[in-house]
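Step one of this worksheet: look at the structure below.
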Amino acid sequence: MREGSRIAIYGAVGANVAIAAVKFIAAAVTGSSAMLSEGVHSLVDTADGLLLLLGKHRSARPADADHPFGHGKELYFWTLIVALMIFAAGGGVSIYEGILHLLSPRPIEDPTWNYVVLGAAAIFEGTSLAISVHEFKKKDGQGYLAAMRSSKDPTTFTIVLEDSAALAGLAIAFLGVWLGHRLGNPYLDGAASIGIGLVLAAVAIFLAQQSRGLLVGESADRDLLAAIRALAKADPGVSEVGRPMTMHFGPHDVLVVLCIEFDPALTASEVAEAIERIEARIRSQRPDVKHIYVEARSFPRRARP
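Be aware that the sequence shown starts at 48, since it is given in this note's numbering, and climbs by one per residue.
In structure tokens form, the structure reads like this:
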């Protein structure tokens, strides 16, 4: 596990445990539907962080007879489970709670506790988001959404998404509580709960889409493809290199299949030596490439006696 993603996940888990407890207390004292939804939200985020740590641990297991390419895709599987939890346990429960509150509205008599808890939660969530954004790596000039779409490590951007959704949910909860109390309209509290659920559902759908692509087998990014091809073409025995076929087994575990046309003047042993040089050069300069398979498209002469 990379140290950056570990720090981001631990920071999010620690913040969410504390926040969930105080939100549930405030919901019990004030009867706020939005606060109850926020408590469920933080509880789900805590479970999600633990699942991401589990996925990180299981994906690091070495290859075996049944999994010759290792267990790297376990991380993508558990990220998909996280997305399902956010959608069902987070978004679904929040929307359901909001609907119940609309059917049986209960006015908030004293929202002081809600404001205190929301303010404290905003500090914790903001700190966690700052950590996760700092640890999330993106290219210069690249937007965060584009970086998330192209990233092969879902752990760090999952935490960024969760923390961003948490702050958005806190803002919605504050508006629901404040407007509901100020206008004497308890329905706004329930509407805020539904709004929080919709935010969580949107985050879950985006995360599920990213996880699906990684589970099915996404290619490496264009920069890595271009670098691999350039390294192969730099060998003096190579005439032409086709577009590399790649697939991620994990964030830092890439399979590469190269179709290379070698100089027809080379002998079979010289072609074998060229393949060894190419593989060694790619592995030394691109350590994320763990598996390389070369398909030769020339018919080399037999070795001279």
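Every residue, glycine too, gets a C-beta built ideally from N, C-alpha and C.
Buried versus exposed call for residue i [16 or more other C-beta atoms within 10 Å across all chains shown]
| i | result |
| --- | --- |
| S141 | buried |
| A193 | exposed |
| A75 | exposed |
| V207 | buried |
| S198 | buried |
| D111 | exposed |
| G79 | The identity of residue 79 in the sequence shown is Ser, whereas the question assumes Gly. Counting Cβ neighbours within 10 Å, S79 comes out buried, since at least 16 surround it. |
| D113 | exposed |
| V163 | exposed |
| H181 | exposed |
| R351 | Reliability fails at R351, whose pLDDT of 49 lies under 50, so the model's placement of it is uncertain and no value is given. |
| T359 | Outside the displayed span of the chain (48 to 352) sits residue 359, for which this structure offers no information. |
Reduced DSSP secondary structure (H/G/I, E/B, other) of residue i
| i | result |
| --- | --- |
| S353 | Residue 353 is absent from the structure shown; the chain starts at 48 and stops at 352. |
| A387 | Absent from the structure is residue 387, since the part of the chain shown begins at 48 and ends at 352. |
| S286 | strand |
| D95 | helix |
| G242 | helix |
| R297 | A small correction: the amino acid at residue 297 is Gly; Arg does not occupy that position in the sequence shown. Correct three-state label for G297: strand. |
| A343 | strand |
From the options, residue whose alpha carbon lies closest to that of residue i
| i | options | result |
| --- | --- | --- |
| S258 | F296, L147, I241 | F296 |
| S240 | I252, G216, R229, Q332 | G216 |
| R229 | D282, M294, V288, P154 | P154 |
| A167 | A218, S151, F124 | A218 |
| G231 | E308, P158, F124, S84 | P158 |
| F116 | G138, V69, A315, M294 | M294 |
| R290 | G284, P283, I307 | I307 |
| D310 | V60, G284, G102, Y234 | G284 |
| E342 | Q332, I325, G137, L90 | I325 |
| S276 | Q256, R333, I56, L214 | A quick correction: the sequence has Arg, not Ser, at residue 276. Measuring from the Cα of R276, the nearest candidate turns out to be R333. |
Whole runs of the alpha helix (DSSP H) within the region 104 to 163, excluding any shorter than 4 residues: 121 to 132, 140 to 150
Ignoring anything shorter than 3 residues, give me the beta strand (DSSP E) runs that lie fully in the region 153 to 240, in order along the chain. none
Below 8 Å, can you find three or more Cβ-Cβ pairs linking the region 99 to 117 to the region 244 to 262? no
Does the region 294 to 309 touch the region 325 to 341, meaning 3 or more C-beta pairs lie closer than 8 Å? yes
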